[in-house]
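Take a look at the structure below.
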Amino acid sequence: MAVAFRSSRTSGGAGGDGGGESVSFERALLSGLAPGGGLYLPDRIPPLPRGWREHSDLPSLAASLLAPWIGEPSGEELDSLLREALYFPVPVVPLARDRWVVELFHGPTLSFKDFGARVMARLMNRYLAGSGRSLTVLVATSGDTGSAVADGFAGLENLRVVLLYPKGKVSEVQERQLTARRPGVHALAVRGDFDDCQRMVKEAFADPALAHVPLSSANSINVGRLLPQQLYYVWAVARLQQQFGSRSDDPVVSVPSGNLGNLTAGLLAAAGGLPVGRFIAAHNANDYFPSYLNGNADAFEFRPTRHTLSNAMDVGAPSNFERLHALFPDLGERVHPESVDDDATRERMRRVHREDGYVACPHTAVGLEAIERYRAATGSTAPALALATAHPAKFPGVVAGALGIEPPRSETLDELLNARASALELGAACEDLRQVLLGLD
Ligand SMILES: *Cc1c(COP(=O)(O)O)cnc(C)c1O
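Just add 1282 to wherever you are in the sequence shown, counting from 1, and you've got the working numbering.
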C-alpha cells in the first residue's frame, strides 16, 4: 500500500471542508496545499529500502526510496524518469577534523532545489499525461526556487511555467538565471517587490476570471518537492559507511535552513531508519526556529524577514514549520538549532578557505559554522556532514568581499549566463497577471 496524505489541519469539524480526507501522492502533488490551507502529511513513514547502503548510482537509490511513497509510476518507468531528473553527481568532499561537505549544487541551476524541482516536474508531467490534462505552474521567486522550477519544468509537454520576480530587486546572476529562454517558461519582471509577486500569485488562484485556467504552484510546501530531497541524506550517510563501516558514532548533519523543507526531508529519512545522530538546523539572522526550539518564541509566533548574505534563507515565517511541528513532536531531541549572523558567516568562509582550501557559498558557511558551535556546545566527536546548498559561483560579490578572490567557475553557470534572455515587464496589479495568463495559448 502506498502512503496516504492528509491535511495538517484536520480539526475543521463542522465546516466540512474535507480537510480530513486522505489522498494519494498524486493528488497531494497536483494540488500542493490541502483543502482549508493545510499542509499534506504522510499517514506513515515507510522504512528505508533494504540495501540502501549498496546503491552506487543516485537514480537507482532514488527509485527504491520513492517507490513506497508514491505508488505510481514504478519499475522501469520510475527508473527512467529519475535518470532524466537526476543526471548530476553528489560529491561528498572530505575536510579536516571529520567533516564532509555534501555538494548539492551540481544540477543545472546550481542549488539543491534542482533535486526537488526536477523530480516533481517529471512526476507531475507523468500524472497529467495519464489524464490528458495540462497545467500552468505559477511561481513568485526572488532566488533559487524560480530558476530551479523554470529549468526543471522547461520542455515538459503538459506543463507551462509563469515566473514572477521583482524587477531590479534580484542580483544580476539571479536575473540571468531566471530569464534564460526556456521552452514553455514565461518570465515576468514585475514593477514591485517580492511581496507584490506573491500577492499576485495568490490573487490569480482566487480570480474568477481565471477559474477555467488550470493553475498549480511549486513552492517548497509541495510534497512532490519534499520527498525526493531525502535522497542525498541517504546517499551521503551510505558513502560514509562504505568508507568506514558503521562506526560507533552516527554522523550529525548540518542543514542550512530557511523554509525548513530540506530539514523536513532529512527528518523523514531518519524516521525511516537512516542513522543520523543529530540534525543541526543552521539559520542565519532569521532565527525564528532556533528561538522556538530554545523556548524563546511560541509556536507560530513568526517574525519579519531580515536581509542577510545568505539570502536564500531569509525567511521570517518558515512555510514547513506547521508540517514539522505536526510530524515530530519531539523536535527538540532530534534537532540542534543555531543562528549565525553575517560577520560569523564571512569569518567561517575565510577560515574554511584558509584551513581546508575550500570555497563555500554563504549558505554553506552558515552550516559549517553551526557545526563548530554544535561541537563546542556538546563536545561531540561524531563525524559531521555539511550540506552545501549552492555553488559559490552564484555569489561572486560575497565571495570576493569575504575572501578577496573570484569564486571557482562553473561551466553550467557560464552557459546560463550566456543564454538568450527574455522577460516581459509588467505592473503589480492582479489585472496585469490576468492578461498574461489569459493570453497564453
Ligand atoms: C532554499 C535554500 C535554502 C533553504 O532551504 P529550506 O528548505 O527553505 O530550508 C538554503 N540554501 C540555499 C542555497 C537555498 O536555495
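Using N, Cα and C, we set each Cβ at its ideal position, and we do this for glycine too.
All values derive from a computational prediction rather than experimental measurement.
Contact set for residue i: own chain, Cβ-Cβ below 6 Å, skip 5 residues either direction
i       : result
Glu1485 : Cys1712
Ala1296 : In this prediction, Ala1296 scores a pLDDT of 40, lower than 50, which makes its location untrustworthy; the coordinate-derived value is nonetheless stated afterwards. Excluding positions up to five away in sequence, the list is empty.
Ligand 1 heavy atom lying under 8 Å from the CB of residue i
i       : result
Asp1426 : yes
Val1452 : no
Pro1390 : no
Cys1712 : no
Asn1504 : no
Phe1584 : no
Phe1757 : Past the edges of the chain, shown from 1283 to 1723, lies residue 1757, and the structure says nothing about it.
Met1227 : Here the chain covers residues 1283 to 1723 and nothing more, so residue 1227 does not appear.
Ala1314 : Reading off the sequence, residue 1314 comes out as Gly, not Ala. Flag unset: Cβ of Gly1314 not near ligand 1.
Leu1667 : no
Asn1602 : yes
Leu1545 : yes
Ser1592 : yes
Thr1587 : no
Ala1672 : yes
Pro1539 : Reading the sequence as shown, one finds Ser at residue 1539 and not Pro. Flag set: Cβ of Ser1539 near ligand 1.
His1645 : yes
Leu1542 : yes
In DSSP terms, what residue i is bridged to
i       : result
Thr1418 : Arg1442, Leu1497
Pro1376 : Trp1382
Arg1288 : Leu1323
Ile1562 : Ser1536, His1618
Ser1393 : Ala1672
Ala1703 : Ala1462
Pro1448 : Val1472
Leu1708 : Val1472
Of the residues the options, the one placed nearest residue i, counting alpha carbons only
i       : options                            : result
Val1372 : Asp1624, Gly1543, Ala1710, Val1519 : Val1519
Asp1612 : Thr1694, Leu1575, Pro1317, Arg1481 : Leu1575
Gly1353 : Ser1290, Arg1365, Ala1411, Ala1284 : Ala1284
Tyr1369 : Thr1627, Pro1390, Met1482          : Pro1390
Ala1436 : Leu1460, Leu1556, Ile1562, Val1384 : Leu1460
Pro1510 : Leu1722, Arg1291, Phe1307          : Phe1307
Arg1400 : Ile1687, Arg1507, Val1467, Arg1632 : Arg1507
Other residues of its chain near residue i: CB distance less than 8 Å, five sequence neighbours each side excluded
i       : result
Leu1343 : Trp1334, His1337, Leu1513, Val1516, Trp1517, Ala1520
Arg1716 : Ala1486, Asp1489, Ala1491, Leu1492
Pro1586 : Gly1598
Leu1323 : Phe1287, Arg1288, Ser1289, Ser1290, Arg1605, Ala1608, Leu1609
Nearest-angstrom beta carbon gap, residue j and residue i [assumed within contact, 8 Å]
i       : j       : result
Leu1667 : Val1535 : 5 Å
Ala1675 : Ala1462 : Not confirmed; about 15 Å, so no contact.
Ser1564 : Val1622 : It should be pointed out that residue 1564 corresponds to Ala in this sequence rather than to Ser. 7 Å between Cβ atoms; contact.
His1618 : Tyr1570 : Going by Cβ atoms, the distance from His1618 to Tyr1570 rounds to 16 Å, so no, they are not a contact pair.
Beta-carbon contacts of residue i that lie in its chain and below 7 Å, excluding the five residues immediately before and after
i       : result
Arg1408 : Pro1355, Leu1363
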